[in-house]
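Before any comments, here is the structure.
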Amino acid sequence: MGGRGGDPRALRQAGFSLVELLVSMLLVALVLGGALTLFNYTNKLSRAQLHQSDLQQSARVAQRELLGTVRMAGRGGLAGFAVAGFTATSGPASVTPAITVRNNVPAAQQRLVIGDDSSPLVALDTDVLTVRGHFESPPAFVNSTDPSTFVVAGNGGTITISSRSPGGVPQDLSALVDAVDDDRPDALLITSSLSDLVYGVAELDPTTSDVSLFDPDPAAVFDIVIGYKNRGGTYTTEYGLLSADGVFPDPNVLPPTPPEWVPVRDLEGVGSVALLEEYRYYIRDPEGLEGEVAPRLAVGRFFPGTDAPHPNGGWRQDLASNVYDLQVALGFDSSFDGTNSFNGFFAFDPDNIGNDDLIVDGELVPSTSSDLDDWLFNDPADEENLGNLPWTPNPASGSTPPAFTASQPRPRLYYARVTTLSLTASADRGYQAPLITAIEDRAYPPAPSDPKAINGSEGRQYRRLQLTTIIDLRNL
């Protein structure tokens, strides 16, 4: 009864058999492997969602920054059409006092200020959008019934402005006072009291200004004197070209015969004064900048009509990262109607039917062509070579320089269509984005030699977001 082996059931309960141990280890390995796989997938998904969120945020910021300023282009009365003298050819349609587009920047002109290698580098084939108006400061209204408020003297004059508007409403004059105190040659947008179609852009003259009575208290009542120059200043020549007929409407100097849209020859009285601002939006190329690998949407502030950066902003302020393209198309009331009839002007319309009553987009309206529509820079054929009507004056007009005529008038600007292309900061190795064939008049090669290009094998591993906004230019 007391054998050496004892009870065999007790031996079996003493531990796992080898087979049981192996099975247990296999099950644990499977569970851990599944958990690790799940964690890895979750981590990749989370990272992809984070990059996607950053992409959407960057694209929204870019569009918001552009929309907020572009929709106010021309605020204060600047023209939305090219004016005589603004360029040597009376101005192509894309070059106006209120808004200007440098289309598809070529390699030879990649600097924000062409020829200045110290200025930021603009991404190749992107657009540069220049917007002018008064944005950050309100206009100051002048009591034009008092002849002493507007005095012409020497190379300019003085304008007396009260802290109360002619209607008795308090006015914020701090921006004008700051410009005088800082001794800046800022641009002044001076509008006639007779018509807002008559205006001039002159240079602030701190030496003839007097802001000593300024009081920041909103309840205070006081006057300030703002001096200006329209000749003989630092930027008076450039500022004058932004005026209603390409020259400051100086009561002491008889200007050239005004265009049909200017009812009088000079200011005769001042209705309002405002600081004129200029902003240039562009895609900043990171080449040569330490620690940066992706382009960004940036903005530079300049003294209007010049290439001199303004001290309040300079020529580079980054707005949104990983923005690879900015394309701008301008919507006009032009002679084009999407076909070859050239009867698209609203003023030439005998009825209220047809494409001549629309700002026609050849991509959207049936039986029309994008190179014969009312949108400039939405087709590669939209070039502004001299004589390419309706975007430039006709050399056969007989005038020097060539000018628009009654039968081929200057197109009027109504809309700006702004498109941005943003990419994620990191590649998704298992992803291939759809090909981009074109954005407005910029074509993207379907098989680029550079694998990192937008349509390259590596470039398509980045998720992208293309946003387009049509902006009603409310002040033009």
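Quick note: the sequence shown uses our numbering, first residue 26, plus one each step. Each residue gets a CB set at the ideal place from its N, CA and C atoms; glycine is no exception.
By the criterion of a C-beta distance shorter than 7 Å, Leu490 is surrounded in its chain by Leu80, Gln81, Ala84 and Ser447, once the five residues flanking it on both sides are discounted.
Taking C-alpha positions only, Thr259 is separated from Pro210 by approximately 7 Å.
Your pair Leu137 and Pro145 checks out as a contact, with CB atoms roughly 5 Å apart and the cut at 8 Å. For Val295, same chain residues with a beta-carbon under 8 Å away, outside a window of 5 residues either side, are Val167, Ser169, Thr174, Phe175, Ile184, Ile215, Thr216, Ser217 and Ser218 in chain order. Bounds of the beta strand (DSSP E) holding Tyr307 are Val295 to Arg309. Burial check for Asn255: the Cβ neighbour count within 10 Å reaches 16 or more, so the residue is buried. Apart from the 5 residues on each side of it in sequence, Glu388 sits with its Cβ closer than 6 Å to the Cβ of Ser395 in its chain, given in chain order. By the Cβ-count criterion, Phe327 is buried, with 16 or more other Cβ atoms from all chains shown falling within 10 Å of its own Cβ. DSSP places Thr155 within a strand segment (E or B) once states are collapsed to three. Asp206 carries a helical assignment under DSSP once its states are collapsed to helix, strand and coil. When the Cα atoms are used, Leu314 and Ile249 turn out to be separated by approximately 45 Å. Cβ neighbours of Asp235 within its own chain (closer than 6 Å, five residues either side excluded): Val250.
With contacts defined by Cβ atoms closer than 8 Å, Pro405 and Ala452 do not form a contacting pair. Apart from sequence neighbours up to five positions away, the residues of its chain that approach Asn347 with a beta-carbon distance below 6 Å are Ser83, Ala319, Ser447, Leu448 and Ala450, ordered along the chain. If you compare the alpha carbons of Ser237, Thr155 and Val95 with that of Val202, the shortest gap goes to Ser237. Here Glu90 has Leu344 as same chain residues with Cβ atoms under 6 Å from its own Cβ, once five neighbours each way along the sequence are excluded. By the neighbour-count definition (other C-beta atoms within 10 Å, threshold 16), Val272 is a buried residue. Here the alpha carbons of Met50 and Gln486 stand approximately 40 Å from one another.
Distance between Tyr224 and Val246, taken at the CA atoms: about 27 Å. Contact between Ala98 and Ala123 holds, since their C-beta atoms are separated by about 5 Å, short of 8 Å. Restricting attention to Phe64, Val298 and Leu397, the CA atom closest to the CA of Gly182 is found in Val298.
One alpha carbon belongs to Phe160, the other to Gly101, and they sit about 9 Å apart. Burial state of Gln88 is buried, judged by a 10 Å Cβ sphere holding 16 or more other Cβ atoms. Secondary-structure assignment with DSSP links Asp230 through no beta bridge to anything.
Judged by DSSP in its simplified three-state form, Ser199 adopts helix. DSSP lists Gly181 and Glu228 as the bridge partner or partners of Lys254. Judged by beta-carbon spacing, Arg442 lies beyond the 8 Å limit of Ile384, meaning their Cβ atoms are not closer than that value. Going by beta carbons, Val156 and Tyr304 fall inside the 8 Å limit. When beta bridges are read from the DSSP output, Arg321 appears opposite Arg309 and Ser346. Non-local C-beta neighbours of Leu292 in its own chain, meaning closer than 6 Å and more than five positions away in sequence, comprise Ser217 and Pro274, ordered along the chain. Looking only at Leu213, Asp207, Tyr66 and Thr121, the smallest Cα-Cα distance to Leu438 is reached by Thr121. Annotated three-state conformation of Asp270 is coil, per DSSP. Between Asp230 and Tyr253, the C-beta gap is smaller than 8 Å, which places the two residues in contact.
Of the candidates Arg488, Asn500, Lys477 and Pro434, Arg488 places its Cα closest to the Cα of Tyr456. The Cβ atoms of Phe402 and Val126 lie closer than 8 Å to each other.
Spatial neighbours of Arg499 in its own chain (CB-CB distance under 7 Å, excluding positions within 5 residues in sequence) are listed in chain order as Arg96.
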